[in-house]
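S.K.: Just passing along the structure, written as C-alpha cells.
What follows is the structure in C-alpha cells.
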C-alpha cells in the first residue's frame, strides 16, 4: 500500500506533541501526552494498546469530538497542512464525515434504528455534496455493491435491525466511504464481530483503501489485525506512544520492553503450554493520576534501572538502522532482547490425562419457540440448539469447544451445568447421569463438582457484595468447612491460590480491575474442588497482558487439582495453546473433533479451515492461506437443509449429487479419534494443504 | 385587634421553629464532618439541588417530629375571638400571637399546619414503604420467572392501574363499604406482605446457619405481628400502635393504588438483572430462586428503587392532599393539609382570607418540591456509579 504515495508527497495528517486531558470535578486527568504521528496519503497507521491507554482518545481528538469534559491542552493536529485548531466550528463540521470519516466498534450504535439504511446512506452525499436525490441513491447503491453486500436495492429498503452485525458494519463502512474521505478512522471496527465475519471486513477495508487511496488510522488491541491491515504501527501505553515504526520493523525488532511484553503474552504459533509458556507482564496499568515519574512502564519493566529510567520524562529516541522507528526507552541499546525475563516459567511437565470424567452421548437440546405468545397453539417452531453432541473429557484434560456466536456452545454449557435440561441423549459426570436433573435438583456434591468461569469480568461478581462474602457464600453452599471461621480460612486460602492479596476480602468488586475480578471468578469455580470446570471465554474480555496471566493461572490450578476443563472460545490461537483436544461446533453440530495436533493440521473440515485462516496472527514469519467465507452464519431458527455448513462451504462442488444439500453427513472417523462431519471423499481431504505455515 | 406586623410574624415563626433549626444544624455539622464516610448522603451534598432537597425534606421531617414543641396551640382548640383573624393578630385574652392568623373556625392556622405535617409525614412514607414491599415481593418473581407467573401478576397489576383511583377512594370511604369487612380484609392482605418479605429474606440467607436464622425470624415475627395486630385489628396489646378506622381506609387505599407502580418497576429491573452473569453464577451453585431474587438481584436494583420511592412519597403526599380536599377519609377536624386547604378555600370571601388555604398549600408544595429535588440528585448520583 505504501508504494502508492510518492516519496515527497505532503502528509494527510500530522500530529505534533498532542496532549489531551479530561476535566472531572476539580481534577485534570491527562489521557494522552506528547503524542506525535504522521500519516501519508494511502498509508495505514495502526494504533495498538490496552484499554485505558488513550488510543481511542487520540482518534476522537482528531475528530475534535471530545464531549464537553475533554480538551486538547497542547500540541497541534494538522490535516492536509492546515491546523485544525484554527478552524471554525462550521469548517470542522464540513470536514467531518466528508474528508475525515470514523467507524466505531458497535455498528448498531452508529446507525439510526428508526431510519431505513438507504435514507441514512443518501444523507451523506446530499448534505456534503448537495447532489440530487437520484444521484445520491445511485451512489449509495454502488457503494453497497463495493462493500460486497448482496442485493443492494433490498438493503437500501431495510432497517438496521433487520441486518446482521457483519452487514451493519459493512453499511457503516459504506457510509464512511461515500464521501470519499482522505482519512478514515477505524476504532476497533471488528471487535464486536465473529472471526470469520471479521476476516471478511478486514479484507474489505484493505481492498477499499487500496482502491480509493484512503489513508487509515486503525485503532485496535489486536496485534494480528494490525499486521494484516497496516503499514506503520504506534504502540501506546498509559497515555503515551512508546514505540512507533514500520509494522515489520516493530514486529521483528521491537525496541521497547512493553512492546516485547505484549508479544510475549499472546499465544503465537511457537508457544506451547508445556515447553514455551506465555510470559505475562507483571503489575497493572497505572491510574492516570498515579503515573510514575520518567518512564510510565518503569514499575512493570524487567530492565528498570533506578536513577536512569525515573530521572526525567523520556523523549522518543530514534532506533538506528530503521527508517522512522522510534522508542520511548532510554536503555534499548543495552538490553538483551532475546533473554527471557527472570522468574518466568520456562517449562512444565506435561500432564497425563486419566479416566473419563465427563461423557456426553448424542446430546440434543431443542427449544420450542411459539409463533405467538398468547394465541400460538400449534404454530410453534423448534430451534435445534444442540444436535447429536457426543464427546468425552478425561481427568486433567483441557477440551476446547470452538465456534462462533450461535453455534450452540453456550447452550451446551447450560445443559452441562443444569441450567437447562437436555431434550435427548445423556451426560455422565463420573458415573452419574445428569442430563435431565436441573441444578436445583442436583445434590451438593454434583453441583460442586461441575462449575463455571464466566466470560464478562464486569458481570461475574455481584457488585453489591464484598469479594470475601461472595466466596464464603459459595463455600457455605458447597458445605465446605464446618463453621464460619473455617470457611473464612478456606476463603483466604483461595485468595492465595489465585494470587490476590488477602486484603481483597473486604473489597467491593468495583474496586477491582477486570483481571482481578476474573481471578475471583476462578477462585469461586474451584471453591468446591470442582472436577469439571467450564470456562466460557474466560479471557476474551481482558487485556492482552492480563489474558496471559489469567490463562496461566487457570492452567496452574487445573494441573494442581487434576481438573477437567472445558474451554469455550472462538479464538483458535488461545485454543491451540491451551487445549489438549478440540471440538469445533457450527450451528449446533460438532463438525470436527480430535487432538489439537489433528485439528490444526490437514485434513481439515472446511469450516475449521476457514476459521484457522480467519484468525489474525501477529507474527511476520507466518504465511496463511487466504480463505474468506461468503455470506453469514444462518439463523438457528431457519437452518439450511443437509449439512449445516453447506451454505458457505467452498468444497461443496466436489461432492456429487449435491449430497451436501440433501443429507446431514455422518461423523466420520479419520483415524485416532479424529472425527469430521463431512461428505468430502478421502482423496479430496488428502489433498488439503496446511493453512498456517511458519517460514 | 392588635398585630405584631410582618417583621414580627417572620421573627415569631423563625423563633417557634427553634428545635428544627437546632436539629438541622446538628445534621449539617454531622454531614460536613463525616462527609466521606456517609456514602450516598455525603454525595448528595455535592450539588446545590441535593443540598436543597435534603434540607427541605429534613426541615419537614423535624417539624413533624417536634410538632408539639413548635405549635403553640392544639390544632383543634378554638379561640372564638380569633375567627378569621389576620396573620400576626394578638389574642386579647392570653396575649398569644396567631402568627398565621385564625381560620373560620377560629383555630390557629400555624399550629394546624405544623400538626398537619405530622399526619402527612406519617402516612405518606409508611404507605409508600408498604407499597414498596408489596411491589418488590410480587415484582421480583414476575420478572425472574416470567411466563405464567408474570402473566397473572401483570394482569392483576394492570387491572388495578386501569381502575380510576379517585373512584376507588370514593368507594372505599363510602359508609356502606366502610361498615363491611372489605377494608379490613384488604389491610389484612396488604400488611401481610412485609412480614412475608422479611421472613423470606432471612430464611433464604441463613438457612445454613440456624443459630442466626431463629433470632432474626423471631424478631421479625414478633415485631411484624405486633404492628399487624395494631393496624388491622386495632388490638395492640401494649396500646401503642393504633389507627383510626377512616385513616386505615386511606392508608389501605393508598397502598393498594401505588403498589402496581412499584410492581412494574421492580419487574422491569428484575428482567434486566436476571441476564447478568452473577445471577447465572448463583444458579450454577444451586441457589434457591428466592435467594437469588432477594440477595443477588434486589441489592442491585436499589438505585432506581430509592429514587422511585422518593418520588412516590411525593405523589402520595399529593394524593393525601387530594383526598383531604375532597373530604375523603380524614375526619372533619383533622389538621392535615388537604383538609386545611379545603376549609380555607370554602371561606366566604376567599380573597380576604386567603392565608387560611394558602399556608397549607405552600407547605404541601414545598415538601413535594423537596422530595423531587432529592430524587433528582439521587438519580444523578446513581447514574455516576
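Chains as they are written, first to last, in this note's numbering: chain G, 1 to 695; chain V, 696 to 1080. C-beta: ideal position from N, C-alpha, C; glycine also. Every value quoted in this text rests on a predicted model; they were computed, and no experiment measured them.
#1: Are three or more beta carbon pairs between the segment 227-243 of chain G and the segment 286-302 of chain G nearer than 8 angstroms?
#2: Measure how close the beta-carbons of residue 117 of chain G and residue 160 of chain G come, nearest whole angstrom, since I'm counting them as under 8 angstroms.
#3: Mind checking if residue 409 of chain G is an interface residue toward chain V, Cβ cutoff 7 angstroms exclusive?
#4: Between the Cα of residue 845 of chain V and those of V/962, V/750, V/774, V/882, spot the shortest distance and give me the residue it belongs to.
#5: What residues from chain V crowd round residue 451 of chain G, counting only those whose CB sits closer than 8 angstroms?
#6: Below 9 angstroms between beta carbons is the criterion; list the residues of the segment 914-940 of chain V that meet it against any residue of chain G, in chain order.
#7: If the criterion is Cβ atoms closer than 7 angstroms, does the pair residue 521 of chain G and residue 567 of chain G meet it?
#8: Counting Cβ pairs, one atom from each stretch, are 3 or more of them under 8 angstroms apart for the segment 437-445 of chain G and the segment 955-974 of chain V?
#9: Could you check whether residue 973 of chain V and residue 500 of chain G sit closer than 7 angstroms to each other, using their CB atoms as the reference points?
#10: Going by DSSP, what residue range makes up the alpha helix (DSSP H) through residue 551 of chain G?
#11: If you run the structure through DSSP and keep just helix, strand and coil, what is residue 376 of chain G?
#12: Going by the beta-carbon positions, is the gap between residue 694 of chain G and residue 621 of chain G smaller than 7 angstroms?
#13: Which residues, in order along the segment 245-263 of chain G, keep a beta-carbon less than 7 angstroms from a beta-carbon of chain V?
#14: Quick one: using the 10 Å Cβ neighbour count with 16 as the cut-off for buried, is residue 81 of chain G buried or exposed?
#15: Who does residue 535 of chain G pair with in a DSSP beta bridge?
#16: For residue 1010 of chain V and residue 726 of chain V, I'd like the C-alpha separation in whole angstroms.
#17: Between residue 391 of chain G and chain V, is the shortest Cβ-Cβ distance under 7 angstroms, so that the two count as touching?
#18: If I'm right that residue 324 of chain G touches residue 393 of chain G with Cβ under 8 angstroms, what's the distance once you round it to whole angstroms?
#19: Can you confirm whether the segment 859-868 of chain V touches the segment 982-998 of chain V when touching is taken to mean that 3 or more C-beta pairs between the two stretches lie within less than 8 angstroms?
#20: Comparing the C-beta of residue 376 of chain G with each C-beta of chain V, is any distance below 7 angstroms?
#21: Can you list the residues of chain G that residue 972 of chain V reaches, using a CB-CB cut of under 8 angstroms?
#22: Whose C-beta lies closer than 6 angstroms to the C-beta of residue 1076 of chain V among residues of the same chain, with five residues either side of it excluded?
#23: Can you give me, in chain order, the residues of the segment 404-434 of chain G that have a beta carbon less than 7 angstroms from any beta carbon in chain V?
#24: Rounding to the nearest angstrom, what Cα-Cα distance links residue 632 of chain G and residue 425 of chain G in this structure?
#25: List the DSSP bridge partners of residue 72 of chain G.
#26: How is residue 197 of chain G classed by DSSP in three states: helix, strand or coil?
#27: Measure from the C-beta of residue 1077 of chain V to each C-beta in chain G and report whether the shortest distance is under 7 angstroms.
#28: Would you list the residues sitting across from residue 789 of chain V in a DSSP beta bridge?
#29: What does a CB cutoff of less than 8 angstroms around residue 156 of chain G pick up in its chain, not counting 5 residues either side in sequence?
#30: Would residue 991 of chain V pass as an interface residue toward chain G - the criterion being a Cβ-Cβ separation below 7 angstroms?
#31: Around the Cβ of residue 132 of chain G, are there at least 16 other Cβ atoms within 10 angstroms (buried) or fewer (exposed)?
#32: Expressed to the nearest angstrom, what Euclidean distance is found between the alpha-carbon atoms of residue 990 of chain V and residue 999 of chain V?
#33: For residue 222 of chain G and residue 261 of chain G, I'd like the C-alpha separation in whole angstroms.
#34: Quick check on this structure: which residue in G/263, G/381, G/418, G/236 has the alpha carbon closest to the alpha carbon of residue 329 of chain G?
#35: For a contact defined as C-beta to C-beta under 7 angstroms, what are the partners of residue 464 of chain G on chain V?
#36: Starting from the N-terminal side, write out each stretch of the alpha helix (DSSP H) that is 4 residues or longer and does not extend beyond the segment 900-966 of chain V.
M.R.: With the structure as the only source:
#1: yes
#2: 6 angstroms
#3: No, residue 409 of chain G lies away from the interface with chain V (no Cβ there is under 7 angstroms from its Cβ).
#4: V/962
#5: Here the neighbours are 979, 980.
#6: The segment 914-940 of chain V vs chain G, Cβ under 9 angstroms: nothing.
#7: no
#8: Short answer: they don't touch.
#9: With contacts defined by Cβ atoms closer than 7 angstroms, residue 500 of chain G and residue 973 of chain V do not form a contacting pair.
#10: 544-561
#11: Caution is warranted here: a pLDDT of 48 is assigned to residue 376 of chain G, below 50, making its placement in the model unreliable, and the coordinate value is therefore given only provisionally. In the three-state reduction of the DSSP assignment, residue 376 of chain G falls in the coil class.
#12: yes
#13: none
#14: exposed
#15: G/453, G/567
#16: 28 angstroms
#17: no
#18: Incorrect: roughly 51 angstroms between the Cβ atoms, too far for contact.
#19: no
#20: Any answer about residue 376 of chain G is weak, because its pLDDT of 48 lies below 50 and its placement is not dependable; what the coordinates show is given next. Not one chain V Cβ lies under 7 angstroms of residue 376 of chain G.
#21: 454, 455, 456, 459, 460
#22: 738
#23: Within the segment 404-434 of chain G, the residues whose Cβ lies closer than 7 angstroms to some Cβ of chain V are 417, 419, listed in chain order.
#24: 30 angstroms
#25: G/20
#26: helix
#27: Contact with chain G is absent for residue 1077 of chain V, since none of that chain's Cβ atoms lies less than 7 angstroms from the residue's Cβ.
#28: According to DSSP, residue 789 of chain V bridges with nothing at all.
#29: 116, 117, 118, 121, 137, 140, 141, 144
#30: yes
#31: exposed
#32: 16 angstroms
#33: 14 angstroms
#34: Out of G/263, G/381, G/418, G/236, G/236 has the C-alpha closest to the C-alpha of residue 329 of chain G.
#35: 994, 995
#36: 905-927
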